[in-house]
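Participant: According to UniProt numbering, the sequence shown is numbered sequentially starting from 1. Below is one structure. I have some questions about it.
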Amino acid sequence: MKVCDTIGNIPYQAIEKKHIIAGVERRKDTPATARNFLKALNGLFNWAIEQGLLENNPTVGVKRPPLKNKDGFPAWTEEDVEKYYHKWHHGTHERVWIDVLLYTGLRRGDAVRIGWKDVKDNIIHLKTEKSKFQTDVFLPILPELAKTPEAGPIGDKTFICSKINQKFTKESFGNTFRDACNAAGIKKSAHGLRKLAATRAANSGATVSQLKAIFGWTEDQMASLYTKSADRKRLALEAIKKLQKS
């Protein structure tokens, strides 16, 4: 449902809080869409106030519906990776796609941009898209990843390419990769692989600072989630041993 199609011709002053609540309610089955709807209108009405077209923002106080999955995109498991590998072997585009994502931990918008042009002394260097190309990330090419571009197929300038050797946009790649996942019986996305990569790094003892350097995070909060989870796992494994009879 497009907002412009339904209320695009209604004056700002005619839209009340009850109308916003009704719009959120109509989208409640897809909470992310409802939240985006509310966010977009909040920005619109703030602009209208700045322009002197409106005095109060009717979105203020409207509750955002909770996400069905509070953790966002579901993380991949090691079993998911093995299942994907069983379907897509070395020498397929699909294998290149997953290995670039998994062994770099990059977001899809960055993953579709990198290639041999970005590699020097076996280290990938790029500025991340989400930081508006202000944050540098340096990623050594791990042995597992090195095998994949050699087996190919890869693009002329990027490791990840389409079946007709064209560069992907992040949106088209996300959709195509999801199709490859579905074909392997995995109902997950590219972003979930980034979560697995972070989990692997944290479980191997990576610190908050190291995770920030790898994944391009500028705040400690996200990295801390993974290190705390890894610490809990290690503590649990150590603690359970104490339950054994001496």
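Each residue gets a CB set at the ideal place from its N, CA and C atoms; glycine is no exception.
DSSP state of Lys187, grouped into three classes?
Facilitator: It is coil, neither helix nor strand.
Participant: May I have the straight-line CA-CA distance separating Leu196 from Thr30, to the nearest angstrom?
Facilitator: In a straight line, the C-alpha of Leu196 is about 25 Å away from that of Thr30.
Participant: Are the beta-carbon atoms belonging to Glu144 and Asp99 less than 8 Å from one another?
Facilitator: Yes, they are a contact pair.
Participant: For a test of the three-state rule: what should DSSP assign to Asp80, helix, strand or coil?
Facilitator: Of the three classes helix, strand and coil, the one that applies to Asp80 here is helix, per DSSP.
Participant: Of all the options Phe73, Glu129, Lys127, which has the alpha carbon lying nearest to the alpha carbon of Ala190?
Facilitator: Checked all of Phe73, Glu129, Lys127; the closest Cα to Ala190 is Phe73.
Participant: Could you tell me which residues DSSP puts in a beta bridge with Lys120?
Facilitator: For Lys120, which the question treats as bridged, DSSP gives the partners Ile123.
Participant: Counting C-beta neighbours from all protein chains within 10 Å, is the total for Ala201 16 or more, i.e. buried, or is it exposed?
Facilitator: Ala201 should be labelled buried.
Participant: Pull up the distance between the alpha-carbon of Ala198 and that of Glu171, whole angstroms please.
Facilitator: The alpha-carbon atoms of Ala198 and Glu171 are separated by roughly 22 Å.
Participant: Just list the residues that DSSP pairs Asp136 with in beta bridges.
Facilitator: Lys127, per the DSSP bridge assignment.
Participant: Counting Cβ pairs closer than 8 Å, one from the segment 168-183 and one from the segment 93-109, do we hit at least three?
Facilitator: Contact holds: three or more Cβ-Cβ distances are below 8 Å.
Participant: Drop a sphere of 10 angstroms on the beta-carbon of Ile123, count the other beta-carbons inside from all chains shown, and report buried for 16 or more, exposed for fewer.
Facilitator: Label assigned to Ile123: exposed.
Participant: What separation, rounded to the nearest whole angstrom, lies between the Cα atoms of Arg232 and Ile214?
Facilitator: Each residue's alpha carbon lies about 22 Å from the other.
Participant: Going by beta carbon distance, what residues of the same chain come within less than 7 Å of Ala48, once the five residues before and after it are set aside?
Facilitator: So the list reads Tyr12, Leu54, once near-sequence residues are dropped.
Participant: Report all residues from its chain with a CB closer than 6 Å to the CB of Lys147; omit the five preceding and five following residues, and keep chain order.
Facilitator: If we look at Lys147 and ignore the five residues flanking it on each side, it has no Cβ neighbours.
Participant: Hey, would you say Pro58 sits closer than 8 Å to Phe45, going by beta carbons?
Facilitator: Yes, the Cβ-Cβ distance between Pro58 and Phe45 is below 8 Å.
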